[in-house]
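Asker: This note's numbering runs 355 ahead of the 1-based position in the sequence shown.
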Amino acid sequence: MGKAETVRAGLDAILSVLLAPDCAACGQLLDHPTRGPVCGGCWASVLPITPPVCDRCGDPLPTWREISLPLAVCARCRRMRRSIDRARAIGEYSGPLRAIVHALKYEGRRTLARPLGRMMRERGADVVRGAACVVPVPLHRSKLRHRGFNQALDLARQLALPVVHALRRTRATETQTDLPAARRHRNVRGAFAVTRRGRMLTGRIVVIVDDVSTTGATLEACARTLKEAGVVEVRALTAARVVTTRR
Ligand SMILES: [Zn+2]
Ligand SMILES: [Zn+2]
């Protein structure tokens with residue numbers, strides 16, 4: 356054990372006893388509080404959405420048999436033309452990942468953006484590759500004031516690409532969480548506009564970043580706005596994704 360590790364182990368022991376901090380995801384006592392607010396067990400159980408996945412939306416595909424490679428696209432994406440060309444996430448919005456995202460967003464555990472961002476970079480490598488920049492989904496001013504930070508921006512900063520504030524909210528929208536899927540698309544339609552920076556992205560490939568994709572309505576509205584401004588390809592990378600298709 357090196358000197359730094361010895362010090363860290365000692366510090367972990369002292370903090371565990373003095374503060375007894377709980378894991379922000381599972382609530383168990385943290386053995387190594389200096390390594391962040393989520394325990395190793397929780398991080399280890401954040402599972403990827405395993406292949407085969409839809410090349411467009413990232414949802415799991417039923418089986419290898421039903422796929423006409425190389426166009427591995429799910430039924431819904433074949434049916435509907437979407438503005439998002441490719442979407443990926445670390446994993447499904449459930450279990451530890453859901454708890455970790457919750458801790459970041461609603462409990463203000465902003466240090467979680469770094470490890471989450473690292474996982475987004477790894478598991479979304481094919482989304483990040485070749486892109487000019489990342490665009491965080493903006494919060495409306497009133498919500499930003501209330502929360503104090505934009506979790507999408509915190510995540511976007513971890514992706515090793517320039518962050519461009521290309522979008523702004525033109526109006527406050529109802530919280531999507533309380534709305535049924537069908538109304539979510541209507542709720543966010545026309546809710547975004549490109550900024551002056553955004554208008555300089557004509558001909559570029561950009562990656563929209565958010566914490567969770569639920570029905571994809573918000574990301575889709577952002578993507579449509581960017582494409583209308585001349586962005587050639589819009590991809591999406593989120594920490595988590597609600598999977599609606601079942602294998
Ligand atoms: Zn835990
Ligand atoms: Zn799909």
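Beta carbons: idealized from backbone N, C-alpha and C, even for Gly.
1) So what does DSSP say about Asp367, is it helix, strand or coil?
2) For Asp566, does the count of other Cβ atoms within 10 angstroms reach 16, so buried, or fall short, so exposed?
3) On the DSSP bridge list, what partners appear for Gly310?
4) For Asp440, does the three-state DSSP call read helix, strand or coil?
5) Going by DSSP, what residue range makes up the alpha helix (DSSP H) through Pro406?
6) Can you tell me which of Lys498, Val490, Arg473 puts its alpha carbon nearest to the alpha carbon of Ala594?
7) Where does Arg502 fall in DSSP's three states?
8) Considering only DSSP beta bridges, list what Pro415 is partnered with.
9) Out of Arg453, Val428, Val519, Ile445, point me to the one whose CA is closest to Met555's CA.
10) Between Val490 and Ala521, which are expected to be in contact by the criterion C-beta below 8 angstroms, what is the C-beta distance as a whole number of angstroms?
11) Counting along the chain, where does the alpha helix (DSSP H) carrying Val397 start and finish?
12) Quick check on this structure: which residue in Arg465, Thr570, Val561 has the alpha carbon closest to the alpha carbon of Arg484?
13) CA-CA distance, Leu471 and Arg431?
14) Can you grab the Cα-Cα spacing for the pair Leu510 / Lys358, in whole Å?
15) Confirm, please, whether the CB-CB distance from Gly365 to Leu402 is below 7 angstroms.
16) Could you give the residue range of the alpha helix (DSSP H) that holds Arg469?
17) Whole angstroms is fine: what's the gap from Val598's alpha carbon to Ser438's?
18) Hey, is Ala380 close to ligand 3, as in C-beta under 6 angstroms from one of its heavy atoms?
Answerer: In short, the structure shows the following:
1) If you number the sequence shown from 1, residue 367 lands on position 12. Helix, per DSSP.
2) Locating residue 566 in the sequence shown gives position 211, where the first residue counts as 1. Burial call: buried.
3) Because residue 310 is not part of the residues shown, which for the chain are 356 to 602, the question remains open.
4) Numbered from 1 along the sequence shown, position 85 holds the residue referred to as residue 440. The answer is coil: DSSP assigns Asp440 none of H, G, I, E or B.
5) Counting from one through the sequence shown, the residue named residue 406 turns up at place 51. Pro406 -> no alpha helix (DSSP H), and no H or E assigned at all.
6) Against the sequence shown, residue 594 aligns to sequence position 239. Considering only alpha carbons, the answer is Arg473.
7) Mapped onto the sequence shown, residue 502 falls at position 147. Note: Arg502 maps to helix in three-state DSSP.
8) By one-based count along the sequence shown, residue 415 stands at place 60. In DSSP, Pro415 forms a bridge with Val408.
9) The sequence position of residue 555 within the sequence shown is 200, counting from 1. Closest by alpha carbon: Val519.
10) On the sequence shown, residue 490 is found 135 positions in, with the first residue counted as 1. On the sequence shown, residue 521 is found 166 positions in, with the first residue counted as 1. Val490 to Ala521, Cβ: 4 angstroms. Contact.
11) Numbered from its first residue, the sequence shown carries residue 397 at position 42. At residue 397 the sequence reads Cys, which differs from the Val that was named. Start and end: 395 to 399.
12) As a first step, residue 484 is located in the sequence shown; it is residue number 129 there, counting from the start. It is Val561.
13) Within the sequence shown, the letter at position 116 stands for residue 471. Within the sequence shown, the letter at position 76 stands for residue 431. Using only the alpha carbons, I get a separation of about 28 angstroms.
14) Within the sequence shown, numbered from 1, the residue matching residue 510 stands at position 155. Within the sequence shown, numbered from 1, the residue matching residue 358 stands at position 3. Spanning the two alpha carbons is a distance of roughly 32 angstroms.
15) Stepping through the sequence shown from its first residue, residue 402 is reached at position 47. Stepping through the sequence shown from its first residue, residue 365 is reached at position 10. Cβ atoms of Leu402 and Gly365: not closer than 7 angstroms.
16) Translated into the one-based positions of the sequence shown, residue 469 becomes position 114. Where Arg469 is concerned, the enclosing alpha helix (DSSP H) stretches over 468 to 478.
17) Here residue 598 is taken as the residue at index 243 of the sequence shown, counted from 1. Here residue 438 is taken as the residue at index 83 of the sequence shown, counted from 1. If you take the alpha carbons of Val598 and Ser438, they lie about 19 angstroms apart.
18) As presented, the structure is devoid of ligand 3, carrying ligand 1 and ligand 2 as its sole ligands.
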